[in-house]
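Trainee: Protein chains in written order, with my numbering: chain A, 60 to 308; chain B, 35 to 334. Yeah, the Cβ is synthetic: ideal placement off N, Cα and C, and Gly gets one too. Structure below; questions to follow.
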């Protein structure tokens, strides 16, 4: 699908935890598949780089982004209000290989790696997969309701909070139950998921995060080493086979 | 319509806006967003004789009014460029500039002779990349070292030879004169400033290479001053770059002495910046009663 750079409008921008927001913008016909992202900006020259944010959910008319405030870019995004203009470049990246995914699939997310798995779960369910979600939080829970309609089972953990299993979400995963595991979140978590899957010979797809500049594969600002050579997270990824990323997996 | 045509070393440019090396790949990705034939030229990703993986770790980092990069010249190598990317770039009606870096005198000479035989319009010699150890910028600091590499490349290069200068040179005017004396046909300046950023929480440099190249609007006033000083000191054409983000900026660099300009970092801020700046330059020239853009080159 074609990549598109366009001006859009914010329909809502709602704070759902201390530092996590959900923004809904007009889609203007842009493509958006599971695991893809957009480059966003709501500034002219004040900041130099657009910010990569994964697609949380999409409807025919709307794109939803769930993001955490981590720096000056996301802080500016969080200040946007209904009716404000925003620039988007996307949909970017390869996305999860939906055509290769069948049967029973686990989606495992940690922190702000959780939101993009919601659209993924929905698209997998729509093509006949049975989806279980494993959602790992630090403390406050969010986005649970964005998984309930699409998942058979939902497992929740929090490291500090009162709800769900207290510990790491990777403790709960039994890869042998699944035809494939899709994961998104901190690299240390994805590495653990990759190891668990490798031990059971289950295919594991990881969504990588990286600082990037162009978002479309031109500047090579987000290249990472893989077993297949240097790969651009923005264009060749962000979805990679775990065995290409982690030696031990 | 104002006349935006310019020329450098006898090569005609439909307008003076050139996509700067390292920010535009080989043009394909941006061609999805707009027809890159609207640009005066495209300078390719920096090429080296052999393919290069580039640097590990963080490669790009936002800074006040700019960014730092430490890509480390990741590129497919000159052979792959000639075989795969020149045919792609030749689909477009725009000046094709091959940008080339090197690690040794031999690399520069071998690479330049290969590219000189290939279907390119101009060769831009990068003696100024700050992100590669023992290469690139090592040649761009001392005028006498730069003159040596330019003279060697000149002997094998039959295409117009642009030498891209580093603002990290000991003395940029002396550097420019030395390159002119060694046979450069034109000069492009400036490349990025060597700079540093630190993650105070990890107590480590942001970049694995410790230092990285600073670009963007933050460097523009210094770039403009350097273009002005160099253009006054040499007889060969100068291509100006360094934080240009608008048609107004482009015009300022041309008034300071640049025959053409390159746009780099702004391609990241606004993915269709090239197209927009060309359009706005036309409007701006009309407003400013500039019939032909060549009339204002070096008026200051």
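Are the Cβ atoms of residue 266 of chain A and residue 241 of chain A separated by less than 9 Å?
Mentor: In this structure, residue 241 of chain A lies closer than 9 Å to residue 266 of chain A by Cβ.
Trainee: Among A:277, A:86 and A:66, which residue has its Cα nearest to the Cα of residue 321 of chain A?
Mentor: Any property of residue 321 of chain A remains undetermined from this structure, which presents chain A solely from 60 to 308.
Trainee: Excluding the 5 residues preceding and the 5 following residue 318 of chain B in the sequence, name in chain order all residues of the same chain whose CB lies nearer than 7 Å to its CB.
Mentor: Closer than 7 Å at the Cβ level, and outside the excluded window around residue 318 of chain B, lie 281, 282 and 285.
Trainee: Check residue 63 of chain A in the structure and name its three-state DSSP category.
Mentor: Residue state, collapsed to three classes: strand.
Trainee: Would you mind sorting residue 129 of chain A into buried or exposed? The rule is 16 or more other CB atoms within 10 Å of its CB.
Mentor: By the neighbour-count rule (16 or more Cβ atoms within 10 Å), residue 129 of chain A is not buried but exposed.
Trainee: Please check if any C-beta of chain A sits within less than 9 Å of the C-beta of residue 372 of chain B.
Mentor: This structure leaves residue 372 of chain B out entirely; chain B is present only between 35 and 334.
Trainee: Within its chain, find whatever has a CB closer than 7 Å to the CB of residue 66 of chain A; leave out the 5 residues flanking it on each side and keep chain order.
Mentor: Excluding residues within five positions, the ones whose Cβ falls inside 7 Å are 144 and 146.
Trainee: Could you compute how far the alpha carbon of residue 104 of chain B sits from the alpha carbon of residue 246 of chain B?
Mentor: Their Cα atoms are separated by approximately 5 Å.
Trainee: DSSP puts residue 299 of chain A in a beta bridge; with which residues?
Mentor: DSSP output for residue 299 of chain A lists A:265 as bridge partner(s).
Trainee: Measure the alpha-carbon distance for residue 288 of chain B versus residue 194 of chain B and round it to whole angstroms.
Mentor: Approximately 20 Å between the Cα atoms of the pair.
Trainee: By how many angstroms is the C-alpha of residue 95 of chain A removed from the C-alpha of residue 120 of chain A?
Mentor: Straight-line Cα distance between these residues: approximately 17 Å.
Trainee: Distance check for residue 131 of chain B and residue 70 of chain B, CA to CA, integer angstroms please.
Mentor: Whole-angstrom Cα-Cα distance: 14 Å.
Trainee: Figure out for me which residue from B:134, B:257 and B:125 has the closest Cα to the Cα of residue 295 of chain B.
Mentor: Out of B:134, B:257 and B:125, B:257 has the C-alpha closest to the C-alpha of residue 295 of chain B.
Trainee: Report the three-state DSSP secondary structure of residue 303 of chain B (helix, strand or coil).
Mentor: Residue state, collapsed to three classes: helix.
Trainee: List the whole-angstrom C-beta distance separating residue 279 of chain B from residue 251 of chain B, where the pair is believed to meet the contact cut-off of C-beta under 8 Å.
Mentor: Yes, they are in contact, since the Cβ atoms of residue 279 of chain B and residue 251 of chain B sit about 6 Å apart, within 8 Å.
Trainee: Check the Cβ-Cβ distances between residue 91 of chain A and every residue of chain B, and say whether any is below 9 Å.
Mentor: Chain B, which has no Cβ nearer than 9 Å to the Cβ of residue 91 of chain A, makes this no.
Trainee: Using a Cβ cut-off of 9 Å (strictly closer), state whether residue 47 of chain B contacts chain A.
Mentor: By this cut-off, residue 47 of chain B is not an interface position.
Trainee: Determine the contact status of residue 156 of chain A and residue 87 of chain B, defining contact as a CB-CB distance below 9 Å.
Mentor: No.
Trainee: Assign residue 249 of chain A to one of two classes, buried (16 or more other C-beta atoms within 10 Å of its C-beta) or exposed (fewer than that).
Mentor: Label assigned to residue 249 of chain A: buried.
Trainee: Does the separation of the CB atoms of residue 270 of chain B and residue 57 of chain B fall below 9 Å?
Mentor: Not closer than 9 Å, so no.
Trainee: So residue 243 of chain A packs on residue 271 of chain A, CB below 8 Å; how close in whole Å?
Mentor: The Cβ separation is near 16 Å, so there is no contact.
Trainee: What first and last residue would you give for the beta strand (DSSP E) that runs through residue 197 of chain B?
Mentor: First-last of the beta strand (DSSP E) with residue 197 of chain B: 195–198.
Trainee: Determine the contact status of residue 191 of chain B and residue 150 of chain B, defining contact as a CB-CB distance below 9 Å.
Mentor: Taking 9 Å as the Cβ cut-off, residue 191 of chain B and residue 150 of chain B qualify as a contacting pair.
Trainee: Return the CA-CA distance between residue 37 of chain B and residue 282 of chain A, expressed in angstroms with no decimal places.
Mentor: Spanning the two alpha carbons is a distance of roughly 41 Å.
Trainee: With 16 other CB atoms within 10 Å as the buried threshold, where does residue 3 of chain A fall?
Mentor: As displayed, chain A neither begins before 60 nor continues past 308, which places residue 3 of chain A out of reach and without an answer.
Trainee: Could you say which of B:249, B:212, B:116 and B:128 lies nearest to residue 134 of chain B if we only look at CA atoms?
Mentor: Among B:249, B:212, B:116 and B:128, the Cα nearest to that of residue 134 of chain B is on B:116.
Trainee: Looking at the structure shown, is residue 250 of chain A part of a helix, part of a strand, or coil, going by DSSP?
Mentor: It is helical.
Trainee: Which residues in chain B sit within 8 Å of residue 137 of chain A, going by Cβ to Cβ distance?
Mentor: Near residue 137 of chain A there are no residues of chain B at all, since even the closest Cβ is about 17 Å away, more than 8 Å.
Trainee: Determine whether the Cβ of residue 274 of chain A lies closer than 9 Å to any Cβ atom of chain B.
Mentor: With 9 Å as the cut-off, residue 274 of chain A counts as an interface residue toward chain B.
Trainee: Considering only C-alpha positions, which residue in the set A:297, A:274, A:287 and A:291 is nearest to residue 306 of chain B?
Mentor: Closest option to residue 306 of chain B, Cα to Cα, is A:274.
Trainee: With 9 Å set as the bound, which would you pick, yes or no: does the beta-carbon of residue 168 of chain B sit closer than that to a beta-carbon of chain A?
Mentor: In this predicted model, residue 168 of chain B has a pLDDT of only 49, less than 50, meaning its place in the structure is not dependable enough to derive any value.
Trainee: Residue 80 of chain B: buried (16+ other C-beta within 10 angstroms of its C-beta) or exposed?
Mentor: Classification for residue 80 of chain B: buried.
Trainee: Could you confirm whether any beta carbon from chain A is found closer than 9 Å to the beta carbon of residue 22 of chain B?
Mentor: Since the first residue shown for chain B is 35 and the last is 334, residue 22 of chain B is missing from the structure and cannot be characterised.
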